[in-house]
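Asks: In terms of our numbering, the sequence shown opens at residue 49 and continues consecutively.
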Amino acid sequence: MSASIVTPESLTQLLTVVRAATEEAATLVRAAYRKPFGVEHKGPVDLVTEYDRRSEQLLRERLAPTGIPIVGEEAGGAWERDRPAFFVDPIDGTTNFVHGHPFWCVSVGLVVDAKPVLGVVIAPVLGVEWYGWLTGEARVARRVERASGPVEDDCKVSGVARFTDALLATGFPYERKNSVENNFDAFVAIKRQCQAVRRCGSAALDLCLVADGTYEGYWERRLRPWDIAGGSAIVHAAGGKVTDFDAQHAFLHTGDVVATNGPLHQELIDELARIHSSRSLMDSMPPSDD
C-alpha cells in the first residue's frame, strides 16, 4: 500500500480529499472563534475545547473513506510505522484559540514509511492555506491567500544564507517550569545572533512560515507527530529541510524538530548543539561553597 500511495497521481487525489476535509473543519472552528465555548484542562497549562473534539471527529469522518488509519491529538489512534497514517491536529494553537489570538490552524499530514509526504494547513482567521506533497521525483507546494481572492502562489523557502539576517521561530514545551529542555537558554542565545526570533504558539504554522519564506528557520522540542506531520511535509515540498536536533530524520519519533530553508540548517543545528553542551556542562558542575 505504501508504494502505491506515493505517486503524483495518488497524492493529487488524496490532496483533494484532505483539503476539503481540512477546510470544513477550519470553517467549523472559525465559527466559534472569540465566542463562548467549553474549555477543559488536560494538564496545568494544556487546554482542550469542545471544538478540538468536534473538529477531530469531523476530520475522522471525512478521511475515513480513504481507508488510511488516522491518529489524532484528542482521540489518539495506532501508528504502525511501516504503514501509511494521517496525523490530524484539530486545532494547533488551542491556547491561542481560547484567548482569541488569531494564530491557530487545522493541520493534517500524511505519513508513509515514517516520512511526511503530504500536508494541508489552514489558518482561517489569518485567511491563509498551505498545502504540499512530494514523491521521489516530484513535489508541489502552494500558498493560498483566501482573504483576497483566493490568490494561489508557489510556496518556496527563503534564499537567505546568513544567520545574522535570519528571522527564526521557536516554541516552548508545556512542562517548562522545571524541565531542562524548556528551550529558554537556546531562545536567549540564538536571539542574540540572528535578526529576530518569533514565538507565536503553533508548530504547524511555524513550519508553514518556513515553507513560504517568511521564516528562515524554526526549532522546538517535545512536540507530537500531529503537531508537525502536515507542516513538515510542506517544508520539504517547498524545498526546505526538516530533521531532528541530530540532523537525522527521526523528528516524528523524537518530537524534536529543526526546519530551515536549507542553507542555514547546519549552522542552526550546530548552535543548538553548542548550547546544549554548555548547559550540560553547567549542570554537571558541583555547587559553589559560597
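Just so it is clear, CB atoms sit at the ideal spot from N, CA and C, and this is done for glycine as well.
Predicted, not measured: the structure shown is a model, and the values here were computed from it.
When you compare only the Cα positions, how much space is there between R247 and R129?
Replies: Between R247 and R129, the C-alpha separation is close to 31 Å.
Asks: Are the CB atoms of A234 and L320 within a distance shorter than 7 Å?
Replies: A contact, by the Cβ cut-off of 7 Å.
Asks: CB-CB under 7 Å to L342, same chain, minus the five flanking residues each way: which ones, in chain order?
Replies: Summary: the structure shown does not reach residue 342, with the chain confined to residues 49 through 338, and so no result is reported for it.
Asks: Tell me the residue span of the alpha helix (DSSP H) that contains F211.
Replies: Where F211 is concerned, there is no enclosing alpha helix (DSSP H), given that its DSSP letter is neither H nor E.
Asks: Do you know offhand how far R270's Cα is from A277's?
Replies: Using only the alpha carbons, I get a separation of about 14 Å.
Asks: Can you give me the C-alpha to C-alpha distance between P117 and V160, rounded to a whole angstrom?
Replies: Approximately 11 Å between the Cα atoms of the pair.
Asks: Determine whether the beta carbon atoms of S155 and A252 lie at a separation below 7 Å.
Replies: Contact flag set, yes.
Asks: Below 8 Å CB to CB, which residues in the same chain sit around L111 once its five sequence neighbours on both sides are set aside?
Replies: Excluding sequence neighbours, L111 sits near V65, V66, A69, I118, F134, V136 and V156.
Asks: Which of the three DSSP states, helix, strand or coil, is assigned to C248?
Replies: Three-state DSSP puts C248 in coil, outside helix and strand.
Asks: Take P172 and list the residues in its own chain whose beta-carbon comes closer than 6 Å to its own, dropping the five residues that flank it on each side.
Replies: Taken in chain order, the residues that qualify are A74 and R78.
Asks: C242 by DSSP, collapsed to three states: which one?
Replies: DSSP places C242 in coil when its eight states are reduced to three.
Asks: In angstroms with no decimal places, state the Cα-to-Cα distance between Q243 and H149.
Replies: Taking the straight line from one Cα to the other gives about 24 Å.
Asks: List in chain order: all unbroken beta strand (DSSP E) runs of 3+ residues lying wholly within the region 98-150.
Replies: Fully enclosed beta strand (DSSP E) runs of 3 or longer: 118-120 and 133-140.
Asks: Starting from the Cα of R240, find the closest Cα among T114, G261, D213 and E185 and give me that residue.
Replies: For R240, the nearest C-alpha among the options comes from D213.
Asks: Following a CB-centred definition, is L111 positioned closer than 6 Å to any heavy atom of the ligand PLP?
Replies: With respect to the ligand PLP, the structure offers nothing, as it holds no ligand at all.
Asks: Compare the Cα-Cα distances from G219 to each of F151, G265 and S250 and report the closest residue.
Replies: Selected option, being the one with the closest Cα: S250.
Asks: Is the beta carbon of V176 less than 7 Å from the beta carbon of A286?
Replies: No, the Cβ-Cβ distance between V176 and A286 is not below 7 Å.
Asks: Kindly identify the DSSP beta-bridge partner or partners of T291.
Replies: BP columns for T291 point to V306.
Asks: Applying the 10 Å Cβ sphere with the 16-neighbour rule, what's the burial state of V96?
Replies: Classification for V96: buried.
Asks: Output the distance between the C-alpha atoms of F85 and I139, rounded to the nearest integer angstrom.
Replies: Taking the straight line from one Cα to the other gives about 14 Å.
Asks: Measuring alpha carbon to alpha carbon, tell me which residue in E264, L300, Q296 and H301 is nearest N309.
Replies: Nearest C-alpha to N309: E264.
Asks: So, for T60: in the same chain, excluding its five sequence neighbours on each side, which residues have a beta-carbon less than 6 Å away from its beta-carbon?
Replies: Within the same chain, T60 has no close Cβ partners at all.
Asks: Applying the criterion that 16 or more other CB atoms from any shown protein chain within 10 Å of the CB defines a buried residue, is H284 buried or exposed?
Replies: Answer is buried; the Cβ neighbour count reaches 16.
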